[in-house]
Amino acid sequence: MDLFAQRKIYTVYDITSEIKRSLDKLGIIWIQGEISNFKRHTSGHLYFSLKDSRAQIKAACFKNNNIYLKFRPEDGMEVLARGRLSVYEPRGDETPPLLAEVLEPSAREALARRNAAAATRAGDSGSVARQRRFETMRRNVALMRAGGGRIAVGTDAGMANTFHGWATLHELKLLVAAGLTPLEALVAATGNSAKAVRVDHDRGTLAAGKIADILVVAGRPHERIDEVENIHSVYIGGRLVDRQQLKAAIASAGPHPLARQAASERLDDFEQESGRATGGQLWVDYTDNGHDRSRLMWTRSRRAANDQTLLAFARLAVKDQPAARLTLPLSGGGLLPVDASGFRALVFDVRGDGAYRVLMAVRGRSQAMPLAAGFDAGPEWRQVVIPFSEYRGDQLPSSWAKDLLNVAFELGGPAGSRRWLEIDNLGFLR
Ligand SMILES: [Ca+2]
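Position 277 of the sequence shown, counted from 1, bears residue number 276 in numbering that gives the first Met the number 0, the numbering being contiguous throughout.
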């Protein structure tokens, strides 16, 4: 066998071009990292490196791009850079591979700066009081640990001025500063948290049969808690999360490309013992706001033996256009859009006392401008079919049925009036 015949030999130019082509294929990318070796050249171009705990890459932001920067980049600042990776053939390894067109402070950096500005505004007395309170909390943690108390880390969601997710990691560091060992801090945020909210049967520890929501960290956070931030990979329900794609989606200006779910034909027949809809969602009520607001009462009712319905009564407020609504999110939590484009109509059985509206919320549209269609209901049960073509709304995109978030039944009417509505067998029709 002639080994030499199989050996492909590149010229320097060819291989450099090959690298360039591979990099071009990546297209526009976003990179998050910390600025180091920052230099502003007399030409106006910016040169720096972006680094994290394990790697760094050289970058440049040319004058025509950086004149629009709304902040002063400096060493140690965490930023998001948008640009292309490239190589300039005549000077291969001398040119920075990352050519940044856009530079912006990372969300965490922006929040830290806003908080620092707020602390300055609050003045010294405010920050002294805050420090004293923080010191008390730190001592309490140490006392609880010494007393054998079990310490659990709660959620940071809903806490104003915290960067959700990262704030929890930061809390682990604070627990260690308060006297916990790094391992105890990790247990506080995993096994102990799960026990505290009684979900330890399927969460909190790694074991066969438990839900695989796993954060893989590069390093030894049980010895050095700082390393808990070196996130290597994230699994949700056993599936690897594509973090690059997620970061790019978060950084993009448009709506996030959330995966759509296929709509199911049957939405709710009101027979589930849990009280949830057929797909597991919870119905949500809404009434207008204000001093005199509409009241809405709703419950399961019985249509026949083994056949239940949803029965609603409303007493409408004395105001213009009072309204009470019952809303069914089409996916759990109403977050993921649902694709109902394979269907042609909404169908349901209904009884009532007059005219009503069905509203549909579409992703990317304000909830204040839902699609609407009217229907009538009398004292006897009847089936109502509302073709998608009957829904009306301003600037309606033709593909709206691909992006549905929820369906709502609205009980409206004259100020101060009383309405009722009973529905069953709600679904989509092919
Ligand atoms: Ca039923």
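Cβ coordinates follow ideal geometry from the N, Cα and C atoms, glycine included.
Name the two residues that bound the continuous alpha helix (DSSP H) containing residue i.
i, result
"residue 13", "11 to 25"
"residue 44", "It is not in any alpha helix (DSSP H) - residue 44 carries neither H nor E in the DSSP assignment."
"residue 170", "165 to 176"
"residue 316", "No alpha helix (DSSP H) contains residue 316, which DSSP labels as neither H nor E."
"residue 186", "181 to 188"
Measuring alpha carbon to alpha carbon, tell me which residue in the options is nearest residue i.
i, options, result
"residue 391", "358, 407 and 416", "358"
"residue 387", "346, 181, 86 and 24", "346"
"residue 33", "322, 421, 156 and 72", "72"
"residue 155", "88, 188, 227 and 305", "188"
"residue 434", "373, 329 and 277", "As displayed, the chain neither begins before 0 nor continues past 429, which places residue 434 out of reach and without an answer."
"residue 194", "219, 53, 342 and 150", "150"
"residue 228", "217, 418, 353 and 393", "217"
"residue 20", "295, 400 and 86", "86"
"residue 62", "409, 203 and 40", "40"
"residue 196", "153, 206 and 237", "153"
"residue 417", "270, 315, 310 and 169", "315"
"residue 101", "59, 292 and 371", "59"
"residue 95", "44, 380, 69 and 75", "44"
"residue 422", "142, 282 and 104", "282"
"residue 235", "68, 215 and 246", "215"
"residue 361", "79, 355 and 339", "339"
"residue 284", "270, 268, 305 and 328", "328"
"residue 356", "370, 70 and 365", "370"
"residue 382", "133, 349, 366 and 395", "349"
"residue 274", "297, 288, 257 and 88", "297"
"residue 249", "17, 29, 12 and 76", "29"
"residue 380", "290, 104 and 353", "353"
"residue 419", "8, 341 and 325", "325"
"residue 82", "251, 237, 319 and 303", "251"
"residue 106", "166, 48 and 342", "166"
Assuming residue i and residue j form a contact by the criterion Cβ under 8 Å, report the distance between their Cβ atoms to the nearest whole angstrom.
i, j, result
"residue 404", "residue 333", "6 Å"
"residue 322", "residue 415", "Incorrect: roughly 13 Å between the Cβ atoms, too far for contact."
"residue 144", "residue 179", "6 Å"
"residue 224", "residue 175", "5 Å"
"residue 363", "residue 331", "Going by Cβ atoms, the distance from residue 363 to residue 331 rounds to 20 Å, so no, they are not a contact pair."
"residue 35", "residue 50", "5 Å"
"residue 378", "residue 259", "That belief does not hold up - the Cβ atoms of residue 378 and residue 259 are roughly 39 Å apart, past 8 Å."
"residue 311", "residue 293", "Actually they do not touch by this definition, with Cβ atoms about 12 Å apart."
"residue 264", "residue 408", "About 19 Å separates the two Cβ atoms, so there is no contact after all."
"residue 221", "residue 173", "Actually they do not touch by this definition, with Cβ atoms about 17 Å apart."
"residue 202", "residue 210", "6 Å"
"residue 31", "residue 77", "7 Å"
"residue 270", "residue 307", "6 Å"
Let's see if you can read the secondary structure: which residues bound the beta strand (DSSP E) around residue i?
i, result
"residue 328", "322 to 328"
"residue 406", "403 to 411"
"residue 63", "Unbroken run through residue 63 is the alpha helix (DSSP H), 62 to 65; no beta strand (DSSP E)."
"residue 104", "97 to 104"
"residue 38", "28 to 39"
"residue 382", "381 to 386"
"residue 346", "344 to 351"
"residue 373", "370 to 376"
"residue 423", "417 to 428"
Would you say the beta carbon of residue i comes nearer than 7 Å to a heavy atom of ligand 3?
i, result
"residue 264", "This structure does not include ligand 3; its bound ligands are ligand 1."
In three-state terms, what does DSSP make of residue i?
i, result
"residue 229", "coil"
"residue 136", "helix"
"residue 213", "strand"
"residue 222", "coil"
"residue 151", "coil"
"residue 443", "No answer is possible for residue 443: it lies beyond the span of the chain, which begins at 0 and ends at 429."
"residue 307", "strand"
"residue 117", "helix"
"residue 57", "strand"
"residue 236", "coil"
"residue 335", "coil"
"residue 356", "strand"
"residue 73", "coil"
"residue 141", "helix"
"residue 194", "helix"
"residue 131", "helix"
"residue 6", "coil"
"residue 49", "strand"
"residue 242", "helix"
"residue 112", "helix"
"residue 80", "strand"
"residue 107", "helix"
| said: Please give me, in chain order, every unbroken run of the beta strand (DSSP E) with length at least 3 that falls completely inside the segment 251 to 302. | reply: 265 to 267 and 283 to 286
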